[in-house]
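K.L.:
Numbering (the working numbering), first residue to last: 311 to 439.
#1: Mapping the DSSP letters down to three states, classify residue 411 as helix, strand or coil.
#2: Could you give the DSSP three-state label for residue 368: helix, strand or coil?
#3: Using the Cα positions of residue 416 and residue 352, report the straight-line distance between them to the nearest angstrom.
#4: Check whether the stretch 338–350 and the stretch 320–328 are in contact - that is, three or more C-beta pairs closer than 8 Å.
#5: Quickly, what does DSSP pair residue 434 with across the bridge? List them, please.
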C-alpha cells in the first residue's frame with residue numbers, strides 16, 4: 311500500500327511537471343510567432359531645430375498593434391523622450407516618437423538607430439544628419 315501511494319504521488323508530480331513544461335513551451339512558441347509577424351518601418355527621420363532632438367515617423371505594417379519602449383542611437387540608450395514612447399501604433403497606421411539624442415548630432419554623420427518594441431523585437435535603421 312505504501313508503494314502504491316508513493317507511485318501515485320510520483321505519477322501525479324510527473325504529470326503536473328510535464329503539463330507545466332508544455333504550457334511554457336506553447337507560450338514561448340506563441341511569443342516567437344508574434345515577434346515574427348511584427349513589422350515596423352521608419353519612413354521619416356528629421357532633426358529638430360535645436361539639433362539634438364530626433365523625430366521618427368514609424369509605420370506599423372505587421373499583424374499586431376505594438377508600442378515602442380526603447381530607442382538607441384549608436385548603441386547609446388535614449389533617456390529623454392518628448393513624445394511617443396509607450397504609445398500604441400496600431401496596424402497599418404503611423405506613429406511618431408520624439409526624443410533628445412543621447413549624443414550631439416553633427417552634420418553629415420551616419421547614425422545607427424535601433425527601435426525596441428514591447429515584444430523585444432529590434433528594428434535597426436541607418437540615418438545621416
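All C-beta atoms, glycine included, are put in the ideal place defined by N, C-alpha and C.
P.N.:
In this structure, then:
#1: coil
#2: strand
#3: 21 Å
#4: no
#5: 424
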